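J.: Residue numbering for the first sequence follows this note's numbering, beginning at 69 and increasing consecutively.
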Amino acid sequence: IHLCSIILHILSRANMFKAANGLLNRIINAEPSSPSPTGVTVVDCLMDTSKECEPSPMVFDLLIDAYVQNGKVMPAADAFYRLKKRGLMPSLLCCNTLLKALLRANRIDMVVRVYESMLEAKIMPDVYTFSTVIHAFSKQGKLEEAKRVLSEMEARGCNPNVVTYNTLIHGYCKVGDLTEAIGLKEAICEKGLVPDVFTYSALVNGLCKVRRVTEAREIFVEMLEVGLMPNEVTYTTLIDGYMKGGEIEEAFKLKDEMVVRGIQPNVFTFNTLIRGICKVGKAQEANMLLTEMKGMGLRPDRMTYTNVIEGYCKEGNMVEAFRLLDEMAKRNIAPSVVTYSVIINWLCKAGDMERAHEVFKKMVERDLMPNSVVYTTLISGHCRKGNTEDAFKLFDEMVRRKIVPDAFTYDSLIHGLCKAGKIQDAKK
RNA sequence: AAUAUAAUAAGCCG
Numbered sequence: 069i070h071l072c073s074i075i076l077h078i079l080s081r082a083n084m085f086k087a088a089n090g091l092l093n094r095i096i097n098a099e100p101s102s103p104s105p106t107g108v109t110v111v112d113c114l115m116d117t118s119k120e121c122e123p124s125p126m127v128f129d130l131l132i133d134a135y136v137q138n139g140k141v142m143p144a145a146d147a148f149y150r151l152k153k154r155g156l157m158p159s160l161l162c163c164n165t166l167l168k169a170l171l172r173a174n175r176i177d178m179v180v181r182v183y184e185s186m187l188e189a190k191i192m193p194d195v196y197t198f199s200t201v202i203h204a205f206s207k208q209g210k211l212e213e214a215k216r217v218l219s220e221m222e223a224r225g226c227n228p229n230v231v232t233y234n235t236l237i238h239g240y241c242k243v244g245d246l247t248e249a250i251g252l253k254e255a256i257c258e259k260g261l262v263p264d265v266f267t268y269s270a271l272v273n274g275l276c277k278v279r280r281v282t283e284a285r286e287i288f289v290e291m292l293e294v295g296l297m298p299n300e301v302t303y304t305t306l307i308d309g310y311m312k313g314g315e316i317e318e319a320f321k322l323k324d325e326m327v328v329r330g331i332q333p334n335v336f337t338f339n340t341l342i343r344g345i346c347k348v349g350k351a352q353e354a355n356m357l358l359t360e361m362k363g364m365g366l367r368p369d370r371m372t373y374t375n376v377i378e379g380y381c382k383e384g385n386m387v388e389a390f391r392l393l394d395e396m397a398k399r400n401i402a403p404s405v406v407t408y409s410v411i412i413n414w415l416c417k418a419g420d421m422e423r424a425h426e427v428f429k430k431m432v433e434r435d436l437m438p439n440s441v442v443y444t445t446l447i448s449g450h451c452r453k454g455n456t457e458d459a460f461k462l463f464d465e466m467v468r469r470k471i472v473p474d475a476f477t478y479d480s481l482i483h484g485l486c487k488a489g490k491i492q493d494a495k496k
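#1: According to DSSP, is Q137 helix, strand or coil?
#2: Is the beta carbon of H238 sitting closer than 9 Å to the one on A284?
#3: Going by beta-carbon coordinates alone, are T200 and L218 separated by less than 9 Å?
#4: Near C121, which residues of its chain fall below 8 Å by C-beta distance, leaving aside the five closest residues on each side in sequence?
#5: Output needed for I471: all residues of its chain with C-beta closer than 6 Å, excluding positions within five of it in sequence on either side, in chain order.
#6: Taking C-alpha atoms, which residue in K487, Y183, N273 and P263 lies nearest to E293?
#7: Which of the three DSSP states is assigned to S159 in this structure?
#8: Our contact map puts V281 next to Y310 with C-beta atoms below 8 Å; I'd like the distance itself, whole angstroms only.
#9: Is the beta carbon of V442 sitting closer than 9 Å to the one on V467?
#10: Would you decide whether K323 is buried or exposed? Buried here means 16 or more other CB atoms lie within 10 Å of its CB.
#11: So what does DSSP say about Q352, is it helix, strand or coil?
#12: For G349 and I342, what's the separation of their Cα atoms in angstroms?
#13: Starting from K490, follow the alpha helix (DSSP H) in both directions and report where the run begins and ends.
#14: Taking D112 as the reference, which of S185, F205, L151 and K347 has the closest Cα?
#15: By DSSP, does D308 sit in helix, in strand, or in coil?
#16: Span of the alpha helix (DSSP H) holding T445?
#17: Any chance you could list the alpha helix (DSSP H) runs of at least 4 consecutive residues sitting entirely within the region 207-248, in chain order?
#18: Would you report the Cα separation of E465 and G365, rounded to the nearest angstrom?
#19: Quick one: measure Cβ to Cβ for N299 and I331, integer angstroms, because I've assumed they're closer than 8 Å.
#20: To the nearest angstrom, how far is it from the Cα of V335 to the Cα of L358?
#21: Could you check where the alpha helix (DSSP H) with S101 kicks off and where it finishes?
#22: Please find out if some non-hydrogen atom of the ligand FMN comes closer than 8 Å to the beta-carbon of F288.
#23: Between E220, N273 and A223, which has its C-alpha nearest N234's C-alpha?
#24: Can you tell me the Cα-Cα spacing of K496 and R469, whole angstroms?
#25: Can you tell me whether D512 is helix, strand or coil according to DSSP?
#26: Report the rounded CA-to-CA distance for A204 versus V141, giving the unit in angstroms.
#27: Label M115 either buried or exposed according to how many other C-beta atoms from any shown protein chain fall within 10 Å of its C-beta, with 16 as the threshold for buried.
#28: Restricting to Cα atoms, I'd like to know which of H450, M126, E248 and A173 is closest to A145.
#29: If you reduce the DSSP assignment to three classes, tell me which class V182 lands in.
#30: Quick one: what does DSSP say I401 is sitting in, helix, strand or coil?
#31: Just curious, the alpha helix (DSSP H) that N334 is in, first and last residue?
#32: Spatial neighbours of M221 within its chain, please: CB distance less than 7 Å, with the 5 preceding and 5 following residues excluded, ordered by chain position.
#33: Do you know offhand how far K398's Cα is from M361's?
#34: Tell me which residue opens and which closes the alpha helix (DSSP H) that E378 is part of.
#35: State the DSSP-derived secondary structure class of G107, mapped to helix, strand or coil.
#36: Let me know the secondary structure DSSP gives L252 once reduced to three states.
Below, the structure written as structure tokens:
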């Protein structure tokens with residue numbers, strides 16, 4: 069490892085990134101997956117050897133980047149801290165990459181820590197950094213904090229750009245604060261910036277999600293008026309809004325409209341349409357959409373199939389549902405836990421607990437880990453039949469498997485017990 | 001060499 073470190077220094081100094089990256093990949097994949105906080109890791113070796121070689125700070129970037137590329141986010145963060153402890157820092161760009169990776173891994177706490185470390189180390193964050201941190205807070209619904217970061221960046225002389233605002237807008241939309249979200253669009257203009265497709269799409273989405281489809285449409289129209297071309301995301305968003313509001317006709321009109329405009333519906337678009345049409349019990353039409361998308365050269369994904377399967381389940385046509393499950397296998401599209409849970413759910417609803425359990429077994433055989441949704445589905449199925457005994461068997465099983473029951477699970481059990489007249493038991 | 005923003009699926013009761 070000592071030798072490797074020296075080689076790495078030489079390689080990165082010589083700008084031989086490919087070679088360095090290859091070596092790094094081998095090293096980090098040989099490392100134990102959970103770094104002990106006290107043990108010596110590659111970073112330490114690199115830091116030690118950097119005195120012997122000409123110091124090349126790039127090597128640390130390469131290391132952290134390699135960790136990130138290999139999905140090893142925590143070791144990447146660990147390396148970051150070890151560097152910091154010895155007064156070293158990766159480049160700003162690398163810090164941003166790390167932040168993004170941490171955000172993706174949902175380690176918001178770490179995002180904040182790294183961000184604060186950067187400030188401590190007097191690395192001036194750039195607009196990427198701030199936007200990522202804003203995104204992190206938004207993801208947690210902490211919009212106050214997100215907005216504080218916005219002020220912070222302005223105070224530090226870093227100008228927010230459209231992306232920064234879009235990120236915030238998305239955050240406010242997610243918590244349903246459309247007033248604030250729309251206000252931020254105005255703020256974009258006041259700053260002399262120009263709202264873009266992302267801005268509008270985010271707003272359309274936000275309005276649709278709180279069932280304000282008419283206003284969503286108005287924003288959509290405004291977008292056209294200012295000369296911005298909606299894209300397939302914008303269209304799909306609005307289509308979903310109409311679908312969720314039960315306005316099927318309007319949704320399909322939009323699909324035609326986008327085609328006329330030369331915007332190709334994609335898999336998302338079709339999945340949205342299929343789901344909407346299935347909701348009103350038109351599985352056959354959903355199936356036609358499935359054929360249509362195949363004809364366009366679009367590859368249906370597991371969500372497409374899951375939606376059509378659910379459509380048939382709703383109609384009580386389990387034969388067709390299972391046929392589609394077969395078709396998935398033939399087309400090499402792996403069913404997900406959701407796919408199975410849909411089938412299980414409808415079998416439960418039909419009172420066919422036996423087959424529900426068969427499907428459950430099949431799922432487990434396929435190495436799909438049942439989650440709390442699947443368990444709760446089965447539990448409530450048993451409860452509906454007044455079979456609290458099997459319901460609790462499943463409850464025990466899920467606990468044994470370290471699957472955390474949630475409020476839905478307990479609700480189902482309580483309802484089941486009450487229905488069975490076991491009010492005393494329900495109280496525990 | 002590597003960095004930030006928007007769209008689609010499942011479970012309880014109603």
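We put the beta carbon where it would ideally sit given N, CA and C, even for glycine.
Source: prediction; values computed, not measured.
T.: Walking through what the data contain:
#1: Q137 carries a helical assignment under DSSP once its states are collapsed to helix, strand and coil.
#2: Not a contact, by the Cβ cut-off of 9 Å.
#3: Between T200 and L218, the C-beta spacing is not below 9 Å.
#4: Same-chain partners within the cutoff: I74, H77, I78 and R81.
#5: Same-chain partners within the cutoff: S440.
#6: Nearest option by C-alpha distance: P263.
#7: Three-state result, S159: coil.
#8: Going by Cβ atoms, the distance from V281 to Y310 rounds to 6 Å, so yes, they are a contact pair.
#9: With contacts defined by Cβ atoms closer than 9 Å, V442 and V467 do not form a contacting pair.
#10: Buried, by the Cβ-count rule.
#11: Residue state, collapsed to three classes: helix.
#12: So the alpha carbons of these two residues sit roughly 11 Å apart.
#13: Careful: K490 lies outside any alpha helix (DSSP H) and carries neither H nor E.
#14: When each option's Cα is compared against that of D112, the closest is L151.
#15: For D308, the three-state secondary structure derived from DSSP is helix.
#16: Annotation: the continuous alpha helix (DSSP H) that includes T445 extends over S440 to R452.
#17: Complete alpha helix (DSSP H) runs here, min 4: 211-223 and 230-242.
#18: Put simply, the backbone Cα of E465 is about 44 Å away from that of G365.
#19: At roughly 6 Å, the Cβ-Cβ gap stays under 8 Å, so N299 and I331 are in contact.
#20: Near 10 Å, if we compare the C-alpha coordinates of L358 and V335.
#21: Note, S101: premise wrong, no alpha helix (DSSP H); not H, not E.
#22: Ligands displayed in this structure: none; no statement on the ligand FMN is therefore possible.
#23: Nearest C-alpha to N234: N273.
#24: Cα-Cα distance, rounded: 22 Å.
#25: Only positions 69 to 496 of the chain appear in this structure, which leaves residue 512 out of reach.
#26: About 16 Å.
#27: With 16 or more other Cβ atoms within 10 Å, it is buried.
#28: That would be A173, whose Cα lies nearest to the Cα of A145.
#29: Looking at V182 - three-state DSSP - the assignment turns out to be helix.
#30: Reduced to three states, the DSSP call for I401 is coil.
#31: In the DSSP assignment, N334 falls outside any alpha helix (DSSP H) and carries neither an H nor an E.
#32: So the qualifying residues of the chain are F198 and P228.
#33: In a straight line, the C-alpha of K398 is about 17 Å away from that of M361.
#34: Counting along the chain, the alpha helix (DSSP H) containing E378 begins and ends at R370 to K382.
#35: Correct three-state label for G107: coil.
#36: Residue state, collapsed to three classes: helix.
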